[in-house]
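Enquirer: Residue 77 in full-length UniProt numbering sits at position 77 of the sequence shown, with consecutive numbering throughout.
For each residue, glycine too, the CB sits at the ideal point set by N, CA and C.
Submitted below is the structure of interest, expressed as structure tokens.
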Amino acid sequence: MEPATAEPGSAALTSVADQYLSVQLAGNVFGFGILAVREIIVDLGRMAMPLAPAWMRGVIDLRGTAVPVVDLAARFGHDPAAPNPQSCIVITDVPLATGRQTLGVLVDAVNEVLTIPAADIAPGSSLGASAGLAFIRGMGKVRGGFVILLDLDRLFDEQELAHLLPSGGLSHALPTH
């Protein structure tokens, strides 16, 4: 089924595949495919994980499930995200060989849901993105500027996540006290 198109002057009909959650991160605007986003929560703090890389900011309790939180700013080589009143954690699921792992992605702020038609997206491969940047889906043209579109499924390779996660992953019930 092809995405619906709108006649000039009519209400725009869009495909969910054309929608992206726009977020702020280290002074840049990034977009996550809306279908990859499970929910957005306020950053109320995390439990630190010993010996974790700088981009692994800890674990949160999401309704009784331990969920690792990653800091995309630190992952991209910037200073770790500083807490601010707009800080949010975007909850997503990433693929692993054993199934999917729930993961929290720390961002400076959530902006809005954008509709970016495929015709307005330059693919990551056309930008000279190397295999190390395979997580860049492309650059979306929005209101005279660009949004860096990320593929959350390709942001971390399984080996990076495997050493952070206990056997079987972190998505298991936390003990009750």
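Roughly how many angstroms lie between the CA atoms of Ala122 and Lys141, to the nearest whole one?
Expert: 8 Å
Enquirer: Under 8 Å between the Cβ atoms of Leu23 and Val110?
Expert: What sits at residue 23 in the sequence shown is Val, not Leu. A contact, by the Cβ cut-off of 8 Å.
Enquirer: Considering only residues of the same chain and omitting the five flanking positions on each side of Gly138, which have a CB-CB separation below 7 Å?
Expert: Ile121, Ala122, Pro123, Gly124 and Leu149
Enquirer: Whole angstroms is fine: what's the gap from Asp71's alpha carbon to Glu39's?
Expert: 17 Å
Enquirer: So, Tyr20 versus Gly31, is the Cβ gap smaller than 8 Å?
Expert: yes
Enquirer: Classify Asp157 as helix, strand or coil using the three-state DSSP reduction.
Expert: coil
Enquirer: Mind checking whether Ala118 and Asp18 have CB atoms under 8 Å apart?
Expert: yes
Enquirer: How about Pro80 and Ala54: are their beta carbons less than 8 Å apart?
Expert: For the 8 Å CB-CB criterion, Pro80 and Ala54 form a contact.
Enquirer: For Arg75, which residues of its own chain have a beta-carbon under 6 Å away from its beta-carbon, when the five flanking residues on both sides are left out?
Expert: Trp55
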